[in-house]
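Residue numbering for the sequence shown follows the working numbering, starting at 1208 and increasing by one per position.
Cβ coordinates follow ideal geometry from the N, Cα and C atoms, glycine included.
Quantities reported herein were computed from a predicted structural model and do not represent experimental measurements.
One structure is given below, encoded as structure tokens.
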Amino acid sequence: MAKNYKGYTILINAEQDDVNGAWNGRYRIMSDESVVVYESFSGTVDSDKQAVAEAEEAACNWIDSEQGRL
1208 MAKNYKGYTI
1218 LINAEQDDVN
1228 GAWNGRYRIM
1238 SDESVVVYES
1248 FSGTVDSDKQ
1258 AVAEAEEAAC
1268 NWIDSEQGRL
């Protein structure tokens, strides 16, 4: 899934742990020049939909907190 937010593209997906079955969200924040600005994971949750939602929120929060420094 891709989302545009404040001039950045956020790439979001959910990944499931093979051992315990838990889900986490992974996100990459890309500049308008397609350069990875930041990449991280959201916390562990029980479903893929929740993982994607939490990753999206975490990515937007990161952009908001770094807006003056980017």
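Nearest to residue i by CA position, among the options, is which residue?
i, options, result
"Glu1240", "Lys1256, Ala1209, Thr1216", "Thr1216"
"Ala1229", "Leu1218, Asn1220, Val1243, Thr1251", "Thr1251"
"Ser1247", "Asp1253, Gln1257, Gln1223, Ala1262", "Ala1262"
Straight-line CA distance for residue i to residue j?
i, j, result
"Trp1269", "Arg1233", "13 angstroms"
"Asp1255", "Gly1275", "32 angstroms"
"Ile1236", "Lys1213", "11 angstroms"
"Cys1267", "Glu1273", "10 angstroms"
Determine the extent of the alpha helix (DSSP H) in which residue i is found, giving its start and end residues.
i, result
"Asn1268", "1255–1273"
How far does the beta strand (DSSP E) with residue i in it reach, from first residue to last?
i, result
"Arg1235", "1230–1237"
"Lys1213", "Element bounds for Lys1213: n/a, residue is neither H nor E."
Tell me, please, which residues DSSP counts as bridged to residue i.
i, result
"Val1243", "Met1237"
"Asn1220", "Arg1233"
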